Each structure stands twice: as structure tokens, then as C-alpha cells.
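*Asks:*
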Amino acid sequence: MGSGLAPSRRHFVKTDLERHQPICHSEVMDTSPAIHAARQFLSIAWDGPVPTDAELTAALDRLITAYHITPNGGPSEGDFEAPRDSGPALFQRVAARFPDYGLYPCADPTDGPNAELGGGDAIDDLGDITLDMNEVVWLANNVSLDDAHWSFRLLFFHWGTHARDLLRYLHGRQFG
28 MGSGLAPSRR
38 HFVKTDLERH
48 QPICHSEVMD
58 TSPAIHAARQ
68 FLSIAWDGPV
78 PTDAELTAAL
88 DRLITAYHIT
98 PNGGPSEGDF
108 EAPRDSGPAL
118 FQRVAARFPD
128 YGLYPCADPT
138 DGPNAELGGG
148 DAIDDLGDIT
158 LDMNEVVWLA
168 NNVSLDDAHW
178 SFRLLFFHWG
188 THARDLLRYL
198 HGRQFG
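With this note's numbering applied, the sequence shown covers 28 to 203.
Here's what the structure looks like:
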């Protein structure tokens, strides 16, 4: 019974794609959990009133959840580089928008139970996550969804660490 459905479904999809115009680029991006989560994070962090710790926590949780359900994608041929708003100006804007955020203690869990305590910086975390999500959204808008997904997943080693550290900090602020 299952094998009878698969060929007709494939045929329908192929026929449907041949008959209709390609889906609008923005409509495709709206169906991408990664792009939606990236845009939502940027909007919550930067638009309107300063978000509460709970609102920022929810936006970060959505980013991490989106990572786990985003397809791998791949980079396009060509040399595409998203403009980066880096340097002291971005981090000064983060500090001005989130004046109550600052340094927090943290340790590398892979160092074991005798790990030395290090430090994290919520301002740096927000700035770096912003940089990476701006790149992902730029790629989706200007290159392709595949490129955006590839960058979102590739950069998880960076923004994911910042997000998880920042989540721990926000959790402490909310619940002590």
C-alpha cells in the first residue's frame, strides 16, 4: 500500500512544480525555521523596547531549536561575503541597549570537574550572535536559502556557544 502512494506523490509534485511559477523568494524564507528564528531574534533584540530576559531567552531557544531542524544546505559557487557590522560600534550599541548586562562566570565543561573558572560577557554574546544572524539573513535575502542554511549550521559552533552561555546567564538572572 505504501509503495503505491510514493510514485503518484512524486508525480504530483513534479507536475505541480512544472505547472506553477517558482515560489516567491520571501515565501520560501518564511518557511525556513532558521531564517524565521534569525529574523525573530534580531527583531526581539533590536526593534522596539528592550526585551525582557524571558523574551530574549525564548528567542535564543528558538534559534537553537531551529539549528536541529534546519537542513544542511551548501555554499554557492562564487565569492559572496555578507557585510559585517563589526568593531567597537556594534558592541557599544549592545552595551547601550542592554546596560544591565555584563560579565558572568563560566567554565568549559570539557575540562572536567577541576576546570578553572573563566568569564563570559553578555554584551559580547549578544554582539556575536547578532553578527552571525545578520549574515544568515543577508545570505537568505541576497544569495540563496541553501547558503543561509549552510552558514546557519556552520556558524553554530560560534553563535551556539554564545547562545548557550548567554542562556545560562539569563536563566540565573531570572531564577537566581
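Cβ atoms here follow ideal geometry from the backbone N, Cα and C, with glycine treated the same way.
These numbers were taken from a predicted model, which means no experiment stands behind them.
(1) Using a Cβ distance threshold of 8 Å, determine whether the segment 87-94 contacts the segment 66-77, with at least three qualifying pairs required.
(2) So the candidates are T157, A86, D173 and N161; which of them puts its Cα closest to the Cα of A122?
(3) Look at G100 and D173 and say whether their C-beta atoms are less than 8 Å apart.
(4) Around the C-beta of N161, are 16 or more other C-beta atoms found within 10 angstroms, so that it is buried, or is it exposed?
(5) Once you ignore the five residues that flank G145 on each side, which residues in its own chain have a CB closer than 8 Å to its CB?
(6) If you drop the 5 nearest sequence neighbours on each side, which residues of the same chain put their C-beta closer than 7 Å to that of P60?
(7) Would D159 be called buried (16 or more neighbouring beta carbons within 10 Å of its own) or exposed?
(8) Pick out whichever of T84, G147, P115 and H176 has its Cα sitting closest to the Cα of P102.
(9) Is the beta carbon of L194 less than 8 Å from the beta carbon of T79?
(10) Buried or exposed: where does L197 fall if 16 or more other Cβ atoms within 10 Å of its Cβ makes it buried?
*Replies:* Quick answer:
(1) yes
(2) On the sequence shown, residue 122 is found 95 positions in, with the first residue counted as 1. A122 has its Cα closest to that of T157, out of T157, A86, D173 and N161.
(3) By one-based count along the sequence shown, residue 100 stands at place 73. By one-based count along the sequence shown, residue 173 stands at place 146. Yes, the Cβ-Cβ distance between G100 and D173 is below 8 Å.
(4) Position 134 of the sequence shown, counting from 1, holds the residue named residue 161. Answer is buried; the Cβ neighbour count reaches 16.
(5) The residue you call residue 145 lines up with position 118 of the sequence shown. Only P132, C133, A134 and D135 meet the Cβ criterion.
(6) As a first step, residue 60 is located in the sequence shown; it is residue number 33 there, counting from the start. Counting only Cβ-Cβ distances below 7 Å, and skipping sequence neighbours, we find A93, I96 and T97.
(7) On the sequence shown, residue 159 is found 132 positions in, with the first residue counted as 1. When all chains shown are included, D159 counts as buried.
(8) If you number the sequence shown from 1, residue 102 lands on position 75. It is H176.
(9) As a first step, residue 194 must be located in the sequence shown, where it is residue number 167. As a first step, residue 79 must be located in the sequence shown, where it is residue number 52. Contact flag unset, no.
(10) Numbered from its first residue, the sequence shown carries residue 197 at position 170. It is buried - the Cβ of L197 has at least 16 other Cβ atoms within 10 Å.
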